[in-house]
Amino acid sequence: MKESKTSMKELMIDANALEGTITIPGDKSISHRAIMFASIAKGTTKIEGFLHAEDCISTMNIFRDLGVQIDEEADGSVIVHGKGIEGLTAPDHALDAGNSGTTMRLLAGLFSGFPFKIKMIGDESLSKRPMNRVMLPLRQMGASISGSEGSEFAPLYIQPVDHLNAIEYDMPVASAQVKSSILLAGLTAEGTTIIHEKERSRDHTENMLKNFGVELKVDDKDIYLEGGQSLTATDIKVPADISSAAFFIIAALLVKGSKLHMPNVGLNPTRAGIIEVLNKMGANIETYLHEGGLSGDLTVSASDLKATEFGGDIIPALIDEIPIIALAATQAEGRTVIRNAEELKVKETDRIQVTAQELNKMGANIEETEDGMIITGPTPLHAADVDSYGDHRIGMMLQVAALLVKKGTVNLARSEAVNISFPSFFDDLAALSA
Ligand code: S3P
C-alpha cells in the first residue's frame, strides 16, 4: 500500500537493549556538496557513500535539470559527469529544492553568476525560511536575486548579471550555508572574496573545494578565495553522518544494557561537538579516529548521565543535534542549560519550541528560553501522541524518546519526515532490537 503523504506511525516503545553494529547513512552536508562540486567540475567524479535521501536527491535532480548526467550505480555510488560551470544549460522550469535549506542557499550563490535566469522553489517549510542571510551579501556582489513578491522567502528569482564582484564579508551569523553561498558566488566573481566568520561553522565547502583543485586560504576564521577558478573532478568518499548517528548514540546511552558500534562516522571537529558535550555528561563513548582525523569508529554503551551547560563557540558544531541532546538531558541528573542556540528557531521548524512542546507532552521538564532551553532531569517519559511537524530530526528524536516509554501507545504524526535524511531509520532501529 502506498504510504499517505502525512503518515501517522505507531512508534516502538519499551525497547530491549540495543546491541550490534549499525551502518549509518552518508553525511548529508557532504553529499550535497559532492553533487554540486562534481557537477561544476570538469571530468567524471565517483561519489561513494552518497546519502540517498530526499534532501540530497533534490540537489541531484536540480543538476540533472541543468543538463548534468548523474548515474546511480547498483552499489549505491554515484557517478557525476561534470561539465564545468560554463557547460551547464538553462532549465526550462523552476528548480525544486524541496525541504533543503542547504540546496537553496548554496545554489543561490552559485546561480548568481550564471548567464541564464533561474527560479528556485521549495516546500512549505523551506518557503518560510529566511533567505536575506544569503540574498543581502549576494546583492552586495552585484547579484540580481529576489524573493517572492519582494519578500525574503522562496520562490527565489535570479537574473543574469554582467559580472559579480568579490566582497569582504563579516558573517553576522555562524552559518555554513551562508559562508558556502558566498564562496560559490566567489568562484565566478572578479577579485578575492574574503569571509570573516564569528564562530567556525562546518568547513566541508572549504575542504572539498580544495579537493577539487581550487586554491583557497583558510586562516583560523578568515577565508580567502580568488575568483575565476575552475574545478577538476576527483573521487569522493562520504563518511557516515554524525547528525544521523546522533539518534543511535543517544538511544544506546539511554536504553539500559545497550552497546552499539558505528563504523566510519564523520568526526570533523566542526561537526563533532555532540561527542564533547556527551562526554562531559558522563557518556561512555569510545572513539577510534581514522587517519586524517575527519572520521572514526564509535562504540557507545548505556550510561548514567549528568546535566551540563553549554553555549558559545560549540553551538555551530552541534546545532543539528540539539533536539536529541535535549532528550538525553531529560534523562540526566540535574539542570541542563543550552545557550546561544537561537539559530534553532529558523531550522526546518522552530526546534526550541517543538522540542520542548513535544517532549513535555511525554512528561519532560523543558523550559524554552530566548536562545535555548533549560532541562531538568531525570523525568520518566510516558505515552502521548506526538508530531514531527514535518521536521526529520524532530521525528527521529521522538522515536528515540518513545523507546523509554514503558506502556501505552506513542503515535507520531508526519513520520514520513525522516525520509529527508534517513529513510531506513525505523527499519534499522527495528532490526537492532529484534
Ligand atoms: C548545513 C549547515 C547548517 C545545518 C544544516 C546543514 C550545511 O545550517 O544546520 O543542517 O550543510 O551547510 P546553517 O548554515 O543555517 O547553520
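Residue numbers (the numbering used here): 44 to 477. By construction, the Cβ of each residue, glycine as well, lies at the ideal position given by its N, Cα and C atoms. Note that the coordinates shown come from a computational prediction; the quantities given were computed from them, not determined experimentally.
At a Cβ-Cβ threshold of 8 Å, ALA283 and ASP70 count as neighbours. At the C-beta level, SER50 and GLU459 come within 8 Å of one another.
Here the alpha carbons of ILE164 and SER301 stand approximately 43 Å from one another. Judged by DSSP secondary structure, GLN220 falls outside any beta strand (DSSP E) and instead within the alpha helix (DSSP H) spanning 219-230. At a threshold of 7 Å, ARG107 does not count as near the ligand S3P, since its beta carbon sits no closer than that to any of the ligand's heavy atoms. Between the alpha carbons of LEU332 and ASP340 lies a gap of roughly 7 Å. Taking 4 residues as the minimum length, the alpha helix (DSSP H) runs contained wholly in the region 335-404 are 365-373, 394-404, in order along the chain. Distance between PHE353 and SER155, taken at the CA atoms: about 37 Å. Within the DSSP secondary-structure output, MET305 pairs in a beta bridge with LEU341. Counting only unbroken stretches of 3 or more residues, the beta strand (DSSP E) elements lying wholly within the region 243-324 are 259-262, 265-269, 302-309, in sequence order. Only exposed fits PRO215, as fewer than 16 other CB atoms lie within 10 angstroms of its CB. Distance from MET79 to LEU131 at the Cβ level is roughly 11 Å; contact not present, criterion being Cβ atoms closer than 8 Å. Between LEU402 and ALA371, the gap from beta carbon to beta carbon reaches 8 Å or more.
Counting the other CB atoms within 10 Å of its CB gives SER194 a total below 16, which places it among the exposed residues. Note that the C-beta distance between ILE293 and VAL443 is below 8 Å. By the criterion of a C-beta distance shorter than 6 Å, THR102 is surrounded in its chain by HIS75, ILE78, THR146, once the five residues flanking it on both sides are discounted.
Between VAL308 and ARG378, the alpha-carbon positions lie close to 30 Å from each other.
For ASP114, the enclosing beta strand (DSSP E) starts and ends at 112-115.
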